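Novice: If you scroll down you'll find the structure; I have some questions about it.
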Amino acid sequence: MRKALPLLLLLMSLASFAQTTSSHPVTGGSGTATTPTRISFAAMGGTQFFESGYGTSCGGQTTQALGFVLLNGGIFGNGVCASVTTQPVGSCGNLYAQFYGKDAAGIPFKGSLSLTTSCQYVRLRYSKTVYKVTGGMLTITE
54 MRKALPLLLL
64 LMSLASFAQT
74 TSSHPVTGGS
84 GTATTPTRIS
94 FAAMGGTQFF
104 ESGYGTSCGG
114 QTTQALGFVL
124 LNGGIFGNGV
134 CASVTTQPVG
144 SCGNLYAQFY
154 GKDAAGIPFK
164 GSLSLTTSCQ
174 YVRLRYSKTV
184 YKVTGGMLTI
194 TE
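Each step along the sequence shown adds one to the number in our numbering, with nothing skipped, and position 88 is 141.
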């Protein structure tokens, strides 16, 4: 038993460093943008987020401003800013971006956002592109 105790303590400490990955389906939403990577969405299922475009930053971001994802609800609290680490790829049809940040408790996380979109160019008082989300996945590892 005494020989097994150090091994048991080691296994318990390793478990505390394990990362958890969760995926959240994106079921719909819409937004407008001046560029294909600047899309804003209101509520989507259990996860609300706002994805802003290339050249923007938030929360004291020190890396290149490739955009950000603003997460609300669940473990994140309200208005947790995650910096995009890859230039968002895609436009009409698909959009993919990776991001990182810290949740409301200060625990680091990273994730990816993959959206299936359709878009329509609208001419009213001024021209704009309207995006509609037909599906997608928000994946977060903490």
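C-beta atoms are modelled at their ideal positions from N, C-alpha and C, and glycine is treated no differently. Here the structure is a predicted model, which is why all the values come from computation and not from measurement.
With a CB to CB cut of under 6 Å and the five nearest residues on each side skipped, what residues in its chain are close to residue 111?
Specialist: The count along the sequence shown starts at 1 and reaches residue 111 at position 58. Contacts found: 121, 134.
Novice: Leaving aside the five residues before and after residue 193 along the sequence, list all residues of the same chain whose C-beta is less than 6 Å from its C-beta, in chain order.
Specialist: Within the sequence shown, numbered from 1, the residue matching residue 193 stands at position 140. For residue 193, same chain residues with a beta-carbon under 6 Å away, outside a window of 5 residues either side, are 75, 162, 164 in chain order.
Novice: Please report the straight-line C-alpha distance between residue 146 and residue 166, rounded to a whole angstrom.
Specialist: Indexing the sequence shown from 1 puts residue 146 at position 93. Indexing the sequence shown from 1 puts residue 166 at position 113. Distance between the alpha carbons of residue 146 and residue 166: 14 Å.
Novice: Taking just the CA atoms, how far does residue 189 sit from residue 150?
Specialist: Locating residue 150 in the sequence shown gives position 97, counting from the first residue. Locating residue 189 in the sequence shown gives position 136, counting from the first residue. Residue 150 and residue 189: Cα-Cα distance of roughly 12 Å.
Novice: In whole angstroms, what is the alpha-carbon distance linking residue 136 and residue 73?
Specialist: Residue mapping note: residue 136 aligns to position 83 of the sequence shown, counting from 1. Residue mapping note: residue 73 aligns to position 20 of the sequence shown, counting from 1. The straight-line gap from Cα to Cα measures roughly 20 Å.
Novice: Verify whether the separation of the beta carbon atoms of residue 199 and residue 185 is less than 9 Å.
Specialist: Residue 199 is absent from the structure shown; the chain starts at 54 and stops at 195.
Novice: Exposed or buried, residue 177, counting other C-beta atoms within 10 Å across all chains shown (16 or more means buried)?
Specialist: On the sequence shown, position 124 is the one that residue 177 refers to. Residue environment: residue 177 is assigned as exposed (fewer than 16 neighbouring CB atoms within 10 Å of its CB, all protein chains considered).
Novice: What are the start and end residues of the beta strand (DSSP E) that includes residue 162?
Specialist: In the sequence shown, the residue the question calls residue 162 occupies position 109. In the DSSP annotation of this structure, the continuous segment of the beta strand (DSSP E) that includes residue 162 starts and ends at 161-176.
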